[in-house]
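For the sequence shown, the residue numbers in UniProt numbering are 1 to 276.
Take a look at the structure set out below.
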Amino acid sequence: MSSEKRRRVRVQGGWAASSGPRSDQHKPKPHTEPAWLGKNVDQPTKKKFVFQKPTELIREKPEEETIIKPGVYDVSEGPSGLSRLRLFPVFLDPKEADWMFDELYHELPWRQRNDLKINGESYAQPRLTAWFGDLPYSYSGLTWDPNPNWSPLLIMLKDRLAEVTGYTFNSMLGNLYRDCHDSVDWHSDDEKSLGHHPTIASLSFGDTRNFLLRKKPPPEENGDYTYMRHIKIPLAHGSLLIMEGATQEDWQHCVPKEYHDRGPRINLTFRTIYPE
């Protein structure tokens, strides 16, 4: 064999040896984790979940409650006593209420008071008012002089209320809401002249307006009404609402402005005034 052929054999033999199986290919490999472990796969952990109480109390604003059905509603009870509402959605026959509204609207001495005191400032009341009673009545820096000139219609309504409720009223504060812009702000009828736990009977005539109540907050709320109970009562033509017990002590009420047209509404609030 020539020297050239021997060289070729050595080269081919070297390639053949390198392409054959290596002696360490079948040896066991050291233990390694699968490539997918730890990628989008939950791995067991030795840590245990420990519940931690929230540092701040999560509070939810209560939904506004609506009262429309006739009945007696005990809305709250606390140290000051029981707060009770009585609703008569149809206290007066609609036709009877119609002529009463017309007479009240045209005959009562309605006026707009311009001496309402709020935080020391004087404002015009956003409604018209009228007062009847043998004694003076004061609220929010405003005073009504005695007016014993009850009309026959008011006397009839006062007597009818006494028959139904068992209460004898000696005064009446009327409110005339001319349209959707007239209102009365949040307040309580808790003047000293009304006595302890006054009973107030509210008769409504004319267009329906929402009567709102909100529970007074405890001292720790610092006057914040956000999480207190709120109640809405649509008071329609010829309806009667009676507030009793601790309602004036524990609740506030209002008739808010509305954002759509409303016709005139007359509200007569019968109450008992005592000499101061």
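All residues carry an ideal CB built from backbone N, CA and C; glycine is no exception.
Being a predicted model, the structure only gives us computed values, none of them experimental.
* Asked: What's the call for proline 198, buried or exposed, on a 16-neighbour Cβ count within 10 Å?
  -> By the 10 Å Cβ count, proline 198 comes out buried.
* **For histidine 106, the three-state DSSP class (helix, strand or coil)** => helix
* Asked: At what residues does the alpha helix (DSSP H) containing threonine 143 begin and finish?
  -> Counting along the chain, threonine 143 falls outside any alpha helix (DSSP H), though it belongs to the beta strand (DSSP E) covering 142 to 144.
* Asked: Looking at the structure shown, is aspartate 159 part of a helix, part of a strand, or coil, going by DSSP?
  -> helix
* **Buried versus exposed call for tyrosine 259 [16 or more other C-beta atoms within 10 Å across all chains shown]** => exposed
* Asked: By Cβ distance, which residues of its chain are closer than 7 Å to proline 94, with the 5 residues on each side in sequence left out?
  -> His237, Gly238
* Asked: Are the segment 231 to 250 and the segment 106 to 124 touching by the rule of at least three beta carbon pairs closer than 8 Å?
  -> no
* Could you please give the first and the last residue of the uninterrupted alpha helix (DSSP H) stretch that includes glutamate 244? => Glutamate 244 -> not in any alpha helix (DSSP H); beta strand (DSSP E) instead, spanning 240 to 245.
* Sequence-distant residues of its chain with Cβ nearer than 7 Å to glutamate 276 (five each side left out) -> Lys192, Ser193
* To do: Please list, in chain order, all residues of the same chain as threonine 168 whose beta carbon is under 8 Å from its beta carbon, the five residues on each side excluded.
  => Ala162, Thr272
* Asked: Which residues does DSSP pair with aspartate 74 in a beta bridge?
  -> Arg84
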